[in-house]
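Going letter by letter, the sequence shown gives residues -11 to 272 in this note's numbering.
I have placed the structure first, in the form of structure tokens, so that the comments after it can refer back to it.
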Amino acid sequence: MKIQKSFAQSVGTLYLVPTPIGNLEDMTFRAVKTLQTVDLIASEDTRNTQKLLNHFEVKVPQKSLHEHNYNERIPELLDFLRDGKSIAQVSDAGMPSISDPGHELVVACIEADIPVVALPGATAGMTALIASGLLPQPFYFYGFLQRKKSSQKKELEDLRNQTATLIFYESPHRVKETLKNVAEVFGNREVVICRELTKLYEEYLRGTAEELIEYLSEHSLKGECCLLVSGATEIAEEEVFEGTLKEQVEALISEGQTSKEAIKSVAKRHNLKKQDVYKEYHEL
-11 MKIQKSFAQS VGTLYLVPTP IGNLEDMTFR AVKTLQTVDL IASEDTRNTQ
39 KLLNHFEVKV PQKSLHEHNY NERIPELLDF LRDGKSIAQV SDAGMPSISD
89 PGHELVVACI EADIPVVALP GATAGMTALI ASGLLPQPFY FYGFLQRKKS
139 SQKKELEDLR NQTATLIFYE SPHRVKETLK NVAEVFGNRE VVICRELTKL
189 YEEYLRGTAE ELIEYLSEHS LKGECCLLVS GATEIAEEEV FEGTLKEQVE
239 ALISEGQTSK EAIKSVAKRH NLKKQDVYKE YHEL
């Protein structure tokens, strides 16, 4: 067990500073002051963050911290904090760690008894949720789904019985195909797409999954999207299969499948390897 006294430490502090998701006016006074007074800013992309720092006249130096360099960068940052200096961590937009880099440094600081202080601020998922018209609570934030269709459908299958409103992040180029998978796995639920949050062309598309798929077949979207899906109202019952694996294969063969087809079907229904079902069937 560990107890953190956030503002009573002799070592440095890691501040997690949210940045605007579009509109620079969403930067808080506290966030600007923190960036101005820390000793170092750890940024997902230093070039992108420099634009923000220039706008608010912040002169503090930066070091990059992203998914490709955190293993070698974190020890360096921990030494910096142990010397009593402070660091502000930022991502390109929104909250650090939320579908962005940051979590690894937070864990490392906690393990090293270095205080971690999170500042409140902009985050796309919650911003889209409260204006979506879907139930705001409970909600289930998922972030980005897998790109590969089969992997994405498997993720959606695991979420099918979630009664909470689901929040996903998605590229405008993939959102139509993702919606097709949503409709196939979840059925024709209420869906909201929000794009260009806080920007001049902010837009909410509200309707059923099928209505939005039809719209997207004739229109293209620009800007990162939040995809919100209403939760399940009826819980799908798990299909129960009687008999051993061998008996299930034999039952399918009696219905007209070949032994190869039956083995493949039984393996799929139980998420097993075909070889394992084959051995059971042939008693090897």
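Quick reminder that beta carbons are idealized off the backbone N, C-alpha and C, glycines included.
**Study point:** N- and C-terminal bounds of the alpha helix (DSSP H) containing GLN38
**Key:** From DSSP, the alpha helix (DSSP H) with GLN38 extends over 34 to 43.
Practice item. Could you give the DSSP three-state label for ILE9: helix, strand or coil? Key: Here ILE9 carries a coil assignment [DSSP, helix/strand/coil].
Review point. Just to check, is the beta-carbon of GLN125 closer than 7 Å to a non-hydrogen atom of the ligand PLP?
Key: This structure does not include the ligand PLP; it has no bound ligands of any sort.
Check your understanding: Just the Cα atoms here: how many angstroms apart are ARG61 and THR111?
Key -> Taking the straight line joining both Cα atoms gives about 25 Å.
**Study point:** DSSP three-state assignment for LYS142, whether helix, strand or coil
**Key:** Assigned with DSSP and collapsed to three states, LYS142 falls in helix.
Practice item. Check the Cβ-Cβ distances between GLU202 and every residue of chain C, and say whether any is below 8 Å. Key: No chain C appears in the structure shown, which is made up of a single protein chain.
Exercise for review: For my contact list, TYR3 and VAL94 are in at a C-beta cut-off of 8 Å; report their separation, rounded to the angstrom.
Suggested key: In this structure, TYR3 and VAL94 do not form a Cβ contact; the two beta carbons are roughly 11 Å apart against a cut-off of 8 Å.
Point to revise | Reference GLN(-8); option with closest CA among ASP71, GLN140 and ILE98 | key: Ranked by how close their Cα comes to the Cα of GLN(-8), the residues ASP71, GLN140 and ILE98 have ILE98 in first place.
Check your understanding: Got a sec? Which residues, its chain only, sit under 8 Å from LEU66 by beta carbon, not counting five neighbours each side?
Key -> Closer than 8 Å at Cβ, skipping near neighbours: ALA96, CYS97, ALA100 and ILE102.
Check your understanding: Is LEU215 closer than 8 Å to PHE156 when the C-beta atoms are compared?
Key -> Yes, the pair counts as a contact, with Cβ atoms nearer than the cut-off.
Exercise for review: To the nearest angstrom, report how far apart GLU190 and ALA197 are at their CA atoms.
Suggested key: Taking the straight line joining both Cα atoms gives about 20 Å.
**Study point:** Distance CB(LYS209)-CB(ASN169) smaller than 8 Å
**Key:** Per the sequence shown, the amino acid found at residue 209 is Leu instead of Lys. Between LEU209 and ASN169, the CB-CB gap reaches or exceeds 8 Å.
Practice item. Report yes if the C-beta distance between ILE75 and GLY0 is below 8 Å; otherwise report no. Key: Going by C-beta atoms, ILE75 is nearer than 8 Å to GLY0.
Review point. Around the C-beta of PRO8, are 16 or more other C-beta atoms found within 10 angstroms, so that it is buried, or is it exposed?
Key: Buried is the call here.
Review point. Going by the beta-carbon positions, is the gap between PHE174 and ARG148 smaller than 8 Å?
Key: Using a Cβ distance threshold of 8 Å, PHE174 and ARG148 count as a contacting pair.
Exercise for review: State the start and end residues of the unbroken alpha helix (DSSP H) segment that holds SER120.
Suggested key: Note, SER120: alpha helix (DSSP H), 112 to 120.
Exercise for review: Could you give the DSSP three-state label for SER87: helix, strand or coil?
Suggested key: Coil.
Check your understanding: Excluding the five sequence neighbours on either side, which residues of its own chain have a C-beta within less than 8 Å of the C-beta of LYS141, listed in chain order?
Key -> Take LYS141, set aside five residues on each side of it, and the residues of its chain with a beta-carbon closer than 8 Å to its own are ASN169, GLU172 and VAL173, in chain order.
Check your understanding: Near GLU206, what residues of its chain come up, given a Cβ to Cβ distance below 8 Å and the 5 sequence neighbours on each side ignored?
Key -> Spatial neighbours of GLU206 in its own chain (CB-CB distance under 8 Å, excluding positions within 5 residues in sequence) are not present.
Check your understanding: DSSP three-state call for TYR189: helix, strand or coil?
Key -> DSSP places TYR189 outside both helix and strand once states are collapsed to three, so it counts as coil.
Check your understanding: Does the Cβ-Cβ distance between ASN177 and ARG135 come in under 8 Å?
Key -> In the sequence as displayed, the identity of residue 177 is Arg instead of Asn. Going by C-beta atoms, ARG177 is not nearer than 8 Å to ARG135.
Review point. If you compare alpha carbons, which of CYS213, VAL78, GLU165 and GLU238 is closest to ASN36?
Key: The option with the nearest alpha carbon to ASN36 is VAL78.
Exercise for review: From the DSSP output, in three-state form, read off THR221 for me.
Suggested key: Under the three-state reduction of DSSP output, THR221 falls in the coil class, being neither helix nor strand.
Practice item. Give the straight-line distance between the Cα atoms of GLY113 and PHE229, rounded to the nearest whole angstrom. Key: Taking the straight line joining both Cα atoms gives about 39 Å.
Point to revise | Segment limits, beta strand (DSSP E) that includes ALA260 | key: Sequence inspection shows Leu at residue 260; the Ala mentioned does not correspond to that position. Note, LEU260: premise wrong, no beta strand (DSSP E); not H, not E.
Practice item. Report buried or exposed for ARG18, applying the criterion of at least 16 other Cβ atoms within 10 angstroms of its Cβ. Key: With fewer than 16 Cβ atoms within 10 Å of its Cβ, ARG18 is classed as exposed.
Point to revise | Beta bridge counterpart(s) of ALA30 as assigned by DSSP | key: Paired residue(s): LYS51 and GLN77.
Review point. What are the partner residues of TYR157, as DSSP defines its beta bridges?
Key: Within the DSSP secondary-structure output, TYR157 pairs in a beta bridge with PHE132 and CYS214.
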